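Numbering (the working numbering), first residue to last: 99 to 546. Each remark here refers to the structure printed beneath this line.
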Amino acid sequence: MQKNSKSTMTIPAQPASDLMEKIVSLCKRRGFIFQSSEIYGGLGSAWDYGPLGVELKRNIKNAWWKAVVHDRDDVVGLDCSILMHPTVWKASGHTENFTDILVDCKKCKKRFRKDKVEGKCPNCGANDFTEGRAFNLMLKTHLGAVEDEASVTYLRPETAQGIFANFINVLDTSRKKLPFGIAQIGKSFRNEITPGNFIFRTREFEQMEIEYFTKPDEANACHERWIKDRLNWYLDLGIRKEKLRLRKHGDDELAHYAAGCTDIEYYFPFGWSELEGIANRTDYDLKQHTQFSGKDLQYKDNVTQEKFFPFIIEPSGGVDRALLAFLVDAYQEEMVQEDMRVVLKLGAALAPIKVAVLPLLKKNDGIVVLAKKIKEDLQKEFTTVYDDTAAIGKLYRRQDEVGTFFCVTVDVQSLEDQQVTVRDRDTMQQERIPVAGLKKYLVEKLLN
Ligand code: ATP
99 MQKNSKSTMT IPAQPASDLM EKIVSLCKRR GFIFQSSEIY GGLGSAWDYG PLGVELKRNI
159 KNAWWKAVVH DRDDVVGLDC SILMHPTVWK ASGHTENFTD ILVDCKKCKK RFRKDKVEGK
219 CPNCGANDFT EGRAFNLMLK THLGAVEDEA SVTYLRPETA QGIFANFINV LDTSRKKLPF
279 GIAQIGKSFR NEITPGNFIF RTREFEQMEI EYFTKPDEAN ACHERWIKDR LNWYLDLGIR
339 KEKLRLRKHG DDELAHYAAG CTDIEYYFPF GWSELEGIAN RTDYDLKQHT QFSGKDLQYK
399 DNVTQEKFFP FIIEPSGGVD RALLAFLVDA YQEEMVQEDM RVVLKLGAAL APIKVAVLPL
459 LKKNDGIVVL AKKIKEDLQK EFTTVYDDTA AIGKLYRRQD EVGTFFCVTV DVQSLEDQQV
519 TVRDRDTMQQ ERIPVAGLKK YLVEKLLN
């Protein structure tokens, strides 16, 4: 994979406060992310992915799936329903324990998660809060026509439980032996008390989760390996090393089922925050579901005939948070002569558009025909666009701003020598390449 050429930088003590505004504005202006239900005044903390955002999101999910499923022999995929039997949530502990403690500021009446308030009210600065109250984060719904207690169920708050409930199904059909994992990407829902920071914390979001089953005495080593693997995934996709760190949970922070957890944190414009958590969930989940369902979810070792509950290592990341981190990390402003150019230095695997084909003169039929022919040929290989709606300088800036890897320009000379100009997004260097060898040239740069 071609790495991008981001300048390395030292992390300032205070993150750039206006960077988030710039990212939000770029996302809206260029069709990455729109506010949900905007024509009705918007729905707080719900976001829609536009034409470029959806490409970026798919690229992130594909890169994840490739790394954790296709490139490995020990992980298989799964896609479970969002609605599950309500007893699942009793067994998992969510009905009882999936709560945040909330407090209200007595002065401005705003509501906060107690663990996020340090002394003063983040809104008005007062220091007078109500007593903390437990608030369950699961979104409730009713199945069927009658809205009584018996019809209550929940939108899943994590994808993990569908994996545990299918443990035996996957084991029986895939014939995997320990250690092995099950991966899933899907929507989850949490009635967050304080959503915010754009797509960082929302009530509907997408998760990428792996539940990796291992022998209990191998769980710690396996946990360490997954922490390394997952950190490397972000690095390989181009995130700057100095903007990532690992943070081990203290005993007081651990979920009730976990024997250990390490977060991968990213230095967002609003500070260091969790991108992904990698937990050792012990044998809690399979034991709980065995108890509540009455079905034996133990693993049987074919050689020793021994039956036991495997331990589970869970790398759990958010698609939306990863997307925000990739955007923030890729955003650069550079002075080019007297002008400032905004450029998204996304890696080749993630860039929503790989190549833009631009005719230098849109009134010249020969140029337009050749440019469209090149575009049709390239689009079989990678996402390619054709744009003739502005002068060339403006077209370059437009493509830079959305992270397009290469611009191919067709000019009068191209009609004579069958060569085009290829401009590299990061270096802005231009090279003349024969049309006949263009695809091969781009494939080598983009896919290797
Ligand atoms: P936080 O402490 O930020 O609330 P968490 O520790 O509760 O997160 P997990 O339950 O570990 O989060 O979920 C795994 C991953 O799912 C997180 O690392 C994050 O990337 C993503 N995620 C969780 N909650 C949200 C949310 N409300 N909005 C967007 N992504 C989320």
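Virtual Cβ for every residue (Gly too), placed ideally from N, Cα, C. Since the structure is predicted, the reported quantities are computational estimates derived from the model, not experimental observations.
Asked	Found
If you measure between the beta carbons of residue 518 and residue 502, is that distance less than 8 Å?	no
Helix, strand or coil: how does DSSP classify residue 106 here?	Here the model assigns residue 106 a pLDDT of 47, short of 50, so the residue's position is not dependable, and the following value carries that caveat. Three-state DSSP puts residue 106 in coil, outside helix and strand.
For a minimum of 3 consecutive residues, which ranges assigned as the beta strand (DSSP E) are wholly contained in the region 360-432?	369-380, 409-416
Per DSSP, what are the beta-bridge partners of residue 294 in this structure?	299
When burial is assigned at 16 or more other CB atoms within 10 Å of the CB, is residue 222 buried or exposed?	exposed
I'd like to confirm something about residue 303: is its beta-carbon nearer than 7 Å to some heavy atom of the ligand ATP, or not?	yes
Is it the case that the CB of residue 300 approaches a heavy atom of the ligand ATP more closely than 7 Å?	yes
Measure the C-alpha to C-alpha separation of residue 125 and residue 163 and round it to an integer number of angstroms.	25 Å
Less than 8 Å between the beta carbons of residue 173 and residue 278, yes or no?	yes
Report the start-end ranges of each alpha helix (DSSP H) in the region 233-304 that is 4 residues or longer and not cut off at the edges.	258-263, 265-272
Using 8 Å as the cut-off, can you tell me whether the region 184-196 makes contact with the region 326-345, which would need three or more C-beta pairs spanning the two stretches below that distance?	no
So residue 177 and residue 282 are in contact, right, with Cβ under 8 Å, and what is the actual spacing, rounded?	6 Å
Once the 5 residues before and after residue 198 are set aside, which same chain residues still bring their CB inside 7 Å of it?	211, 233, 235, 291
Out of 449, 308, 191, 492, state which residue places its alpha-carbon closest to the alpha-carbon of residue 429.	449
Using the Cα positions of residue 369 and residue 423, report the straight-line distance between them to the nearest angstrom.	12 Å
As an exercise, report each continuous beta strand (DSSP E) stretch of at least 3 residues that is fully enclosed by the region 462-522, in chain order.	482-484, 504-508, 517-522
CB-CB under 6 Å to residue 529, same chain, minus the five flanking residues each way: which ones, in chain order?	520
Measuring CA to CA, which of 224, 469, 191 is closest to residue 256?	191
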